[in-house]
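Numbering (numbering that gives the first Met the number 0), first residue to last: 0 to 248.
Positions of the beta carbon are idealized from the N, C-alpha and C atoms, including for glycine.
I have placed the structure first, in the form of structure tokens, so that the comments after it can refer back to it.
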Amino acid sequence: MIALSNINKVFNKDKDNEVVAIKSLSLTINEGEYLTIVGSNGSGKSTLLNIISGAEMPTNGTITIEGTDVTKMPEYKRSKWIARVFQNPLSGTAPDLSIIDNFRLAALRTQSRGLTIGVNASFKKKVKDRIATLGMGLENKTEQPIGTLSGGQRQALTLLMGVMDETKILLLDEPTAALDPRSADIIMKTADVLIKEHNLTAILITHNLKYAHQYGNRLIQMSEGVITKSLDSQQKLALPLTDLFAWFI
Ligand SMILES: Nc1ncnc2c1ncn2[C@@H]1O[C@H](COP(=O)(O)OP(=O)(O)O)[C@@H](O)[C@H]1O
Ligand SMILES: [Mg+2]
Numbered sequence: 000m001i002a003l004s005n006i007n008k009v010f011n012k013d014k015d016n017e018v019v020a021i022k023s024l025s026l027t028i029n030e031g032e033y034l035t036i037v038g039s040n041g042s043g044k045s046t047l048l049n050i051i052s053g054a055e056m057p058t059n060g061t062i063t064i065e066g067t068d069v070t071k072m073p074e075y076k077r078s079k080w081i082a083r084v085f086q087n088p089l090s091g092t093a094p095d096l097s098i099i100d101n102f103r104l105a106a107l108r109t110q111s112r113g114l115t116i117g118v119n120a121s122f123k124k125k126v127k128d129r130i131a132t133l134g135m136g137l138e139n140k141t142e143q144p145i146g147t148l149s150g151g152q153r154q155a156l157t158l159l160m161g162v163m164d165e166t167k168i169l170l171l172d173e174p175t176a177a178l179d180p181r182s183a184d185i186i187m188k189t190a191d192v193l194i195k196e197h198n199l200t201a202i203l204i205t206h207n208l209k210y211a212h213q214y215g216n217r218l219i220q221m222s223e224g225v226i227t228k229s230l231d232s233q234q235k236l237a238l239p240l241t242d243l244f245a246w247f248i
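Structure follows, in structure tokens:
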């Protein structure tokens, strides 16, 4: 469970360019919940995810993860529980390293018990089996530098690599914004499967209202640092896609 209590985030406090990005925001996301966030540019969505991951510290307020107060815990200490995928397929992987070596790095980062076997054959087999589930044919390219792959392929691998044994939380910040429609669909489906398989607590930020409607079991809209609409799973299921489009008119 992630619990945010009375979070404020002010950038450049008391300067001419002061920005209040998050305003007295409280939000609880239960284990296994998949929350989708929509909202215009600059509404504070990414800042919220940065505060959860520890990339940004809140100006006020507290955040607990699984009952532990992590408000002052640095990002690297939270990272073994948290997987992140960003808009840019170039962030999240080392382009000159092979697919298999990128998975090794990811396993080291999270100190994942299931994948710390190192260089041997069983590690490779495990990685290949996981990659095969994408249906992109990448399981036969594991020695290829990851930088030679398309954006969609890299993004799919970033997602797979991020979710290790210890992962409890998946944060997706416009993961499909830079992708072609087919790759975008693969990313969204793969994320959905991983969330269910690992019972992850997940947050998706997207401008794709079709995905916002289709995925997740809760939906909020943010505007100027506050939550302006909040739908539970039943309300979300009952929401016609056209109504969701109307939120932005
Ligand atoms: N590191 C930063 N320094 C200064 N201002 C920032 C920083 N990060 C975000 N902001 C500002 O905070 C507001 C919210 O940004 P952001 O969370 O990125 O919005 P969104 O993801 O919804 O587009 C914006 O006005 C943005 O310019
Ligand atoms: Mg953003």
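Contact test: residue i Cβ vs ligand 1 heavy atom, cutoff 7 Å
i: residue 44; result: yes
i: residue 18; result: yes
i: residue 7; result: no
i: residue 41; result: yes
i: residue 87; result: no
i: residue 38; result: yes
i: residue 11; result: yes
heavy atom of ligand 2 below 7 Å from residue i C-beta
i: residue 204; result: yes
i: residue 179; result: no
i: residue 172; result: yes
Beta bridge counterpart(s) of residue i as assigned by DSSP
i: residue 98; result: DSSP lists no partner for residue 98.
i: residue 59; result: 7
i: residue 252; result: Because the chain spans 0 through 248 in this model, residue 252 falls outside it and cannot be assessed.
i: residue 228; result: 220
i: residue 214; result: Paired residues: none, contrary to the question.
i: residue 68; result: 63
i: residue 33; result: 201
i: residue 21; result: 8
i: residue 2; result: 27, 63
i: residue 82; result: 169
i: residue 239; result: DSSP output for residue 239 lists no bridge partner at all.
i: residue 144; result: 97
Closest residue to residue i among the options (Cα-Cα distance)
i: residue 52; options: 39, 34, 81; result: 81
i: residue 156; options: 241, 84, 44; result: 84
i: residue 108; options: 160, 36, 194, 237; result: 160
i: residue 122; options: 133, 103, 136; result: 103
i: residue 184; options: 202, 167, 214, 166; result: 214
i: residue 86; options: 36, 179, 173; result: 173
i: residue 227; options: 32, 44, 0; result: 44
i: residue 187; options: 67, 207, 168; result: 207
i: residue 205; options: 181, 177, 67, 193; result: 177
i: residue 158; options: 136, 194, 142, 147; result: 194
i: residue 189; options: 31, 135, 67; result: 135
i: residue 191; options: 165, 149, 230, 132; result: 132
i: residue 179; options: 149, 165, 201; result: 149
i: residue 247; options: 68, 40, 203; result: 40
i: residue 26; options: 62, 100, 142; result: 62
i: residue 106; options: 164, 55, 31, 209; result: 164
i: residue 147; options: 203, 92, 245, 182; result: 92
i: residue 75; options: 120, 54, 143, 5; result: 54
i: residue 5; options: 119, 120, 50, 202; result: 50
Beta-carbon gap between residue i and residue j smaller than 8 Å
i: residue 29; j: residue 18; result: no
i: residue 60; j: residue 220; result: no
i: residue 24; j: residue 3; result: yes
i: residue 57; j: residue 16; result: no
i: residue 138; j: residue 125; result: no
i: residue 162; j: residue 197; result: yes
i: residue 88; j: residue 153; result: yes
i: residue 211; j: residue 243; result: yes
i: residue 217; j: residue 34; result: yes
i: residue 98; j: residue 140; result: yes
i: residue 145; j: residue 94; result: yes
i: residue 167; j: residue 199; result: yes
i: residue 256; j: residue 222; result: In this structure the chain extends from 0 to 248, so residue 256 is not present and cannot be described.
i: residue 64; j: residue 1; result: yes
i: residue 230; j: residue 238; result: yes
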